[in-house]
Amino acid sequence: MKLKLFVLFLAIGFAAQSQDCDILITNGKIIDGTGNSWYYGSVAIKDGKIIKTGRDIKLSAKKAIDAKGLIVAPGFIDVHTHLEGDEIRDPEAKSFIYDGVTTCVTGNCGSSNTDVGKYLRWVDSLKLSINVASLIGHNDVRKAVMGRANRDATADEMKRMENIVDKAMADGAVGMSTGLIYIPGTYTKTPEIVSLAKVTAKYNGVYASHMRDEGDSVTQAIEEALTIGREAKLPVQISHFKLSGQHNWGRSKVTVPMIEAARREGIDVTIDQYPYTASSTSISTLIPDNVLADGQDSIKARLQRPDVRKYVINSMLERLKKRKLKHFSYAVVAYYAPDTTYNGKSIEQINLMKGRKHKAKEEALTVIDIMMNGGASAVFHGMGEDDVKRIMQYPFNMFASDATIRIFGAGVPHPRGYGTNARVLGKYVREEKVISLEEAIRRMTSLPAQKFQLTNRGLVREGYAADIVIFDESTVKDLSTFEKPHAYSTGFHFVLVNGVLTVDNGIHTKARGGQAIYRKSL
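In the numbering used here, the protein residues as written are 255 to 776.
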């Protein structure tokens with residue numbers, strides 16, 4: 255009898271122990287990521303997973319978090335990032351973590367590691383504070399086979415590119431990306447992309463595109479992206495959806511309905527957006543594409559020729575005329591390695607620094623000088639706030655930073671790398687009420703998880719990975735500005751990545767619980 259009682263008590267003890275959790279979050283307003291309204295409840299976490307949610311959880315925990323007065327939501331998923339090269343510089347990924355981001359999709363705009371399997375294994379060995387999934391970038395695939403050549407691929411070259419994409423998808427890439435405004439993507443015709451997208455489609459991957467144009471020819475660029483999705487029969491993600499150039503302001507009244515019509519047709523197309531009126535990319539985008547073929551030596555040789563310089567200057571002046579501007583004040587250097595005094599200054603200002611005349615033609619020469627020395631990253635002001643809001647209200651639009659891991663104090667980068675989500679939550683939800691809080695959270699969590707097949711993420715749900723953010727909806731705010739970009743967002747009190755407490759009472763714990771995320775097997 256005593257032995258039976260002992261066994262019974264032992265069994266009860268083991269049962270009780272199995273119900274214990276690592277972290278118990280209580281008293282929070284849970285927004286679960288579905289778009290449903292918030293409710294008061296608790297979340298229990300064990301072994302990196304959510305094991306229970308509800309209003310009345312009776313479990314003991316190693317750590318309790320009282321979320322009274324705070325929002326408890328799934329960790330945010332940033333579907334458009336460019337991490338490559340900066341993971342090792344700050345593996346704690348503070349610029350993302352302090353903005354509530356727990357998962358990033360990298361390999362965008364056609365730029366990625368061509369050996370995605372090797373890259374993901376390296377991410378796992380490095381141990382970041384964030385989860386990482388990757389696309390396979392078409393530009394780098396093409397460079398690996400053809401360099402920066404301005405021509406069509408041969409049949410053999412196409413086969414080699416298809417093999418690279420096929421291996422990347424088999425190794426866990428979530429899709430393929432293009433950067434059709436960048437070399438050599440800009441030299442690529444639609445059929446080449448369709449062929450590679452068909453390889454991606456075999457693995458149920460996504461086609462994510464920085465389109466061929468986001469200004470004057472934006473409607474044609476959207477049609478090309480939709481054509482690729484239609485012919486290759488795969489989901490389409492149009493990156494950083496916007497209208498560039500003051501003369502294009504208001505055209506979101508045309509472009510958003512194009513996406514709506516495509517969805518009615520049956521094309522699985524969605525978009526993403528950063529909530530700012532300025533973009534950021536290479537200063538080389540001011541130079542005609544045909545001048546940028548091959549490598550830096552070739553570019554430099556061309557720009558030294560008087561006839562090419564004249565052609566480039568005229569092209570740049572025509573672009574300025576279209577924007578109805580007199581100077582290149584809208585282009586601001588973010589980082590220029592040969593002379594960091596350029597950082598944070600517009601081309602107009604740099605031109606004056608060089609002692610040149612205050613004329614657009616002289617400013618075009620200044621851009622050529624910068625390109626002769628290897629180029630620079632830049633911020634381009636030129637989008638309309640009304641378009642930003644109209645695009646934001648489209649329900650199948652996600653929020654994305656289009657940024658790498660920011661290295662605090664380096665250069666004068668676009669503030670989106672620090673404050674994208676906080677800006678949406680503070681400015682556009684709380685202050686301007688463009689969308690509701692629940693809708694914003696859905697766009698940051700379950701919508702991107704569904705699109706990129708990040709299974710078991712994006713919801714506060716039992717069995718899902720414990721990627722969770724806990725923030726104050728009344729104080730969350732982006733502090734990063736164009737003038738002073740190096741500032742972390744505030745209002746995020748706790749962040750958990752795979753159940754690992756990574757932000758505790760607003761302070762990064764230095765924990766690195768992130769994982770590489772592989773596309774789920776067929």
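Cβ coordinates follow ideal geometry from the N, Cα and C atoms, glycine included. On a predicted model such as this, the values are computed, not experimentally measured, just so you know.
Using three-state DSSP, classify residue 497 as helix, strand or coil.
The answer is coil: DSSP assigns residue 497 none of H, G, I, E or B.
Quick one: give me the first and last residue of the beta strand (DSSP E) that residue 281 is part of.
That run of the beta strand (DSSP E) goes 275-284.
From 757, 299, 647, pick the residue whose C-alpha is nearest to that of residue 507; which is it?
The shortest C-alpha separation from residue 507 is found at 647.
Would you be able to state if there are at least three C-beta pairs under 8 Å between the stretch 336-352 and the stretch 292-311?
Counting Cβ pairs under 8 Å, fewer than three are found: no touch.
Evaluate residue 706 with the Cβ neighbour count: other Cβ atoms within 10 Å of its Cβ, from every protein chain shown; 16 or more gives buried, anything less gives exposed.
Residue 706 should be labelled buried.
For residue 486, which residues from the same chain have a beta carbon less than 6 Å from its beta carbon, with the 5 sequence-adjacent residues on both sides left out?
Only 448, 451, 452, 455 meet the Cβ criterion.
Let's see if you can read the secondary structure: which residues bound the alpha helix (DSSP H) around residue 671?
Note, residue 671: alpha helix (DSSP H), 670-677.
For residue 275, I'd like the list of residues in its chain whose CB is within less than 7 Å of its CB, leaving aside the five on either flank, ordered along the chain.
Correct list, in chain order: 298, 299, 300, 305, 313, 315.
Across the stretch 400-413 and the stretch 320-339, are there enough close Cβ pairs to call them in contact, namely three or more that are closer than 8 Å?
These segments do not touch.
Any idea which residues DSSP pairs residue 526 with across the strands?
Paired residues: 652.
According to DSSP, simplified to helix, strand and coil, what is residue 263?
Low local confidence applies: a pLDDT of 43 at residue 263 is under 50, so the model's placement there is unreliable, and no value is given.
Output needed for residue 616: all residues of its chain with C-beta closer than 7 Å, excluding positions within five of it in sequence on either side, in chain order.
Counting only Cβ-Cβ distances below 7 Å, and skipping sequence neighbours, we find 605, 610.
Between the C-alpha atoms of residue 420 and residue 774, what's the straight-line distance to the nearest angstrom?
Distance between the alpha carbons of residue 420 and residue 774 is about 15 Å.
Could you check what DSSP says for residue 482 in three-state terms: helix, strand or coil?
Helix, per DSSP.
Kindly say whether residue 609, judged by its beta-carbon, lies nearer than 9 Å to any beta-carbon of chain B.
The structure shown contains no chain B, having only a single protein chain.
Taking a contact to mean a Cβ-Cβ separation below 9 Å, would you say residue 654 touches residue 535 in this structure?
Not closer than 9 Å, so no.
With DSSP as the reference, identify every bridge partner of residue 542, one or two as the case may be.
Paired residues: none, contrary to the question.
Report, in whole angstroms, the separation of the C-beta atoms of residue 634 and residue 319, which I expect to be a contact under 8 Å.
No, residue 634 and residue 319 are not in contact; Cβ-Cβ is about 42 Å, not under 8 Å.
In three-state DSSP terms, what is residue 552?
Helix, per DSSP.
To which residues of the same chain is residue 414 closer than 7 Å at the C-beta, ignoring the five residues directly before and after it?
Excluding residues within five positions, the ones whose Cβ falls inside 7 Å are 399.
Shortest alpha-carbon distance to residue 576 belongs to which of 601, 558, 499?
Of the listed residues, the one whose Cα sits closest to residue 576 is 499.
Which two residues bound the contiguous alpha helix (DSSP H) that contains residue 620?
Start and end: 614-626.
Do the CB positions of residue 678 and residue 531 come within less than 9 Å of each other?
The answer is no: Cβ separation not under 9 Å.
Out of curiosity, what's the CA-to-CA distance linking residue 766 and residue 416?
Residue 766 and residue 416: Cα-Cα distance of roughly 35 Å.
To the nearest angstrom, how far is the alpha carbon of residue 743 from that of residue 410?
So the two alpha carbons sit approximately 49 Å from each other.
If you follow the alpha helix (DSSP H) that residue 451 is in, where does it begin and where does it stop?
444-455 is the extent of the alpha helix (DSSP H) around residue 451.
Helix, strand or coil for residue 332 per DSSP?
Strand, per DSSP.
If contacts are defined as beta-carbon pairs under 8 Å, then residue 522 and residue 489 qualify, I think. What distance do you get, rounded to the angstrom?
Right, the Cβ-Cβ distance comes to about 4 Å (below 8 Å), so this counts as a contact.
Please report the straight-line C-alpha distance between residue 422 and residue 602, rounded to a whole angstrom.
If I take the Cα positions, the gap works out to 43 Å.
What does a CB cutoff of less than 7 Å around residue 501 pick up in its chain, not counting 5 residues either side in sequence?
Closer than 7 Å at the Cβ level, and outside the excluded window around residue 501, lie 576, 577, 578.
Am I right that residue 328 and residue 751 are in contact with their C-beta atoms under 8 Å? What's the rounded C-beta distance?
No, residue 328 and residue 751 are not in contact; Cβ-Cβ is about 12 Å, not under 8 Å.
Could you tell me the distance, in whole angstroms, from the CA atom of residue 540 to the CA atom of residue 557?
Those two C-alpha atoms are separated by around 13 Å.
Would the beta-carbon of residue 459 fall within 9 Å of that of residue 427?
Cβ distance < 9 Å, so residue 459 and residue 427 count as in contact.
Buried or exposed: residue 542, going by 16 or more other Cβ atoms within 10 Å of its Cβ?
So residue 542 counts as exposed.
Name the DSSP bridge partner or partners of residue 385?
Bridge partners of residue 385: 357.
Tell whether a beta-carbon distance below 9 Å holds between residue 290 and residue 692.
For residue 290 and residue 692, yes; Cβs fall inside 9 Å.
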